[in-house]
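Chains as they are written, first to last, in my numbering: chain A, 4 to 642; chain B, 138 to 213. Where is the CB? At the ideal position from N, CA and C, for every residue including glycine.
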């Protein structure tokens, strides 16, 4: 029994809780005795004991900081509480210490909720792993799995290591890494990540990353570092806090000398606690970064969060970012009275002999309309195209140069068609049968379906200039730009040109974010206010170097990251305003004599709680995002 | 010296005021074989470089408990 009490008293969290409760009970008893039964005798002793109980812990902490040569908030409170006892103001002393303790206890609880966004990620990693050793399955600690070892994962289990599937298949929910709620199908050869959830099946993995060397661990480390990295506003406040507390002591002493009012001086000490001010920005930063991490968005620190919240322009690459990064058959033009189906069929027959990247989409499209017969002979002319024989006819498929080489002329119809397709930004493949041009194929890198809504969301957010920087030629760039709603196009750009463009935009006073793949866009990324890397779950470099890393290549995450950054910045400002207004209001109240010690402490503690609760709003997923996610899930289910 | 040292990471979600940071750090540094101890307040992460032969992980957890906080070792 006794040792349990010692335990409770030794553990600060439970000690504080019980001291607060005991103090509260004594205060209640004194109040009831006085107002209920008119008993004056217990008032002073009960209030004094209550003040001592609650004040004991505050005094301990004040002393600990004082030894580290810091004038802490606790010191302000304890000096005020002791002072109140000396001027026989027992009630004020008890109320101040009790409210301070109660507030601190509530703050601890809400603060750990704010940290909790990451806890879900940390808890995602299982502690044990089932491995196959010498033909036997045994259970070992997850970080003791050797690289290259075979790990078994059953349905419903979380993966303990990064690895490659060597046997079996399963639908794996990768939400912990990518924030993507729809499970990915994994089969032999697939890469899988620790912390993801196998929803069915049985997987045999070869471990490629263990313990701290998993993608999940790296993400958590990055997020934690980011939460520690201070935003500029935060740094300013900390510098401010350094001379603020001593300043309050000076103010209290001066006020006493001028007014000879001890109570006023002590009340000043209580109400000027910089509590809300000190935590106003860090609590927003921690909540904002945690919220983003849950959606698979890694923001690398308070500074980047502040910068991202101010972005007014976004620059991005075309290929692979706004587009799928792979050519597709966009249009079939039939000439000389042929049908489109026949043109595609002939092109498909010839392309079966091709190793060119443009061949695949043509073959795929041709196969969709029916079986593809084999050519009797096939000849590839490197850099030009193909010549095939089928059913007694000669088929030639390729670029302009093949037809110059074969000395086949284009009639006006063909020339007009080629010019039109070029104008659309398509790569043109020409099809001829028996030395007569019979059709044209337009191939293009198609814009991604998510590109247009993403840009609309950015515009709605106040990112007014979305700029495409691409190494591609102008017609292709403009075709994509007008399809997705990009505001400005810069085509045929070399890496240095991209860098210059970003610099020019910044010189115009824009806050520029740049989305890139991190290698050839590196100079431009470095020059931008914020660099964003996409699809980072596989690449350490992207996680390490970008200011914001998106774990999937879902374009919507760019807009979501900006939304979160803006919301966090706004939240930070709200918190600062709340904190400053509280302090100013309280000081005013003290000097006009409308606020006394207990009331001042209550208002002050409330302001701290309001600031934390306000930051916790950031943890909620906005309704619009939820609705979008649901719509996406629906679409995929239908497809 | 350094080749016997390992890095252990612990986590606590009970840190409520920045003033507890030096308290935990000093308690850890007082243990034999502890070369470095760092407590991160915002994330509740505690990093310790220590010689496991002289002070093991359980002793670290114990020391933090004596300073008044529950911490759990973590793989990363």
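Got a sec, what are the start and stop residues for the alpha helix (DSSP H) residue i sits in?
i, result
"residue 370 of chain A", "362-371"
"residue 420 of chain A", "415-426"
"residue 345 of chain A", "343-354"
"residue 455 of chain A", "454-464"
"residue 587 of chain A", "559-594"
"residue 271 of chain A", "265-274"
"residue 161 of chain A", "First-last for residue 161 of chain A: undefined, no H or E at that position."
Considering residue i, what are the terminal residues of the beta strand (DSSP E) in which it resides?
i, result
"residue 301 of chain A", "300-302"
"residue 2 of chain A", "Any answer about residue 2 of chain A is impossible in this case: the structure gives chain A only from 4 up to 642."
"residue 185 of chain A", "Where residue 185 of chain A is concerned, there is no enclosing beta strand (DSSP E), given that its DSSP letter is neither H nor E."
"residue 42 of chain A", "Residue 42 of chain A -> no beta strand (DSSP E), and no H or E assigned at all."
"residue 139 of chain A", "139-144"
"residue 159 of chain B", "It is not in any beta strand (DSSP E) - residue 159 of chain B instead sits in the alpha helix (DSSP H) that spans 157-166."
"residue 383 of chain A", "380-384"
"residue 219 of chain A", "Where residue 219 of chain A is concerned, there is no enclosing beta strand (DSSP E), although the alpha helix (DSSP H) it sits in stretches over 218-231."
Within 8 angstroms (strictly less), CB to CB, does residue i reach chain B?
i, result
"residue 214 of chain A", "yes"
"residue 115 of chain A", "yes"
"residue 285 of chain A", "yes"
"residue 608 of chain A", "no"
"residue 309 of chain A", "no"
"residue 231 of chain A", "yes"
"residue 227 of chain A", "yes"
"residue 16 of chain A", "yes"
"residue 593 of chain A", "no"
"residue 103 of chain A", "no"
"residue 289 of chain A", "yes"
Buried or exposed: which applies to residue i, given that a residue is buried once 16 or more other Cβ atoms fall within 10 Å of its Cβ?
i, result
"residue 652 of chain A", "The structure shown does not extend to residue 652 of chain A, since chain A spans only 4 to 642, so no value can be given for it."
"residue 497 of chain A", "exposed"
"residue 42 of chain A", "exposed"
"residue 608 of chain A", "buried"
"residue 146 of chain A", "buried"
"residue 38 of chain A", "exposed"
"residue 143 of chain B", "exposed"
"residue 452 of chain A", "exposed"
"residue 475 of chain A", "buried"
"residue 262 of chain A", "exposed"
"residue 230 of chain A", "buried"
"residue 72 of chain A", "exposed"
"residue 529 of chain A", "exposed"
"residue 601 of chain A", "buried"
Quick check on residue i: does DSSP put it in helix, strand or coil?
i, result
"residue 448 of chain A", "strand"
"residue 443 of chain A", "strand"
"residue 607 of chain A", "helix"
"residue 396 of chain A", "strand"
"residue 535 of chain A", "strand"
"residue 106 of chain A", "helix"
"residue 151 of chain B", "coil"
"residue 116 of chain A", "helix"
"residue 357 of chain A", "coil"
"residue 130 of chain A", "coil"
"residue 496 of chain A", "coil"
"residue 171 of chain A", "coil"
"residue 310 of chain A", "helix"
"residue 210 of chain B", "strand"
"residue 172 of chain B", "strand"
"residue 467 of chain A", "coil"
"residue 476 of chain A", "coil"
"residue 22 of chain A", "helix"
"residue 27 of chain A", "helix"
"residue 279 of chain A", "helix"
"residue 336 of chain A", "strand"
"residue 199 of chain B", "helix"
"residue 284 of chain A", "helix"
"residue 517 of chain A", "strand"
"residue 100 of chain A", "helix"
For a cutoff of 8 angstroms on Cβ pairs, would you count residue i as touching chain A?
i, result
"residue 177 of chain B", "yes"
"residue 151 of chain B", "yes"
"residue 212 of chain B", "yes"
Could you work out which residues of chain E lie near residue i, taking near to mean beta carbons separated by less than 7 angstroms?
i, result
"residue 160 of chain B", "Reference to chain E is not applicable here, since the protein chains of this structure are A and B."
Is there at least one non-hydrogen atom of the ligand GDP closer than 7 angstroms to the beta-carbon of residue i?
i, result
"residue 456 of chain A", "The ligand GDP is not among the ligands present in this structure, which contains no ligands whatsoever."
Chain-ordered residues of the region 122-155 of chain A with a beta carbon less than 9 angstroms from chain B
Close to chain B, meaning a Cβ-Cβ distance shorter than 9 angstroms, are the following residues of the region 122-155 of chain A: 122, 125, 128, 130, 144, 145, 146.
Short of 7 angstroms Cβ to Cβ, which residues in the region 178-199 of chain B face chain A?
Contact annotation: in the region 178-199 of chain B, residues whose CB is within less than 7 angstroms of a CB in chain A are 179, 180, 181, 182.
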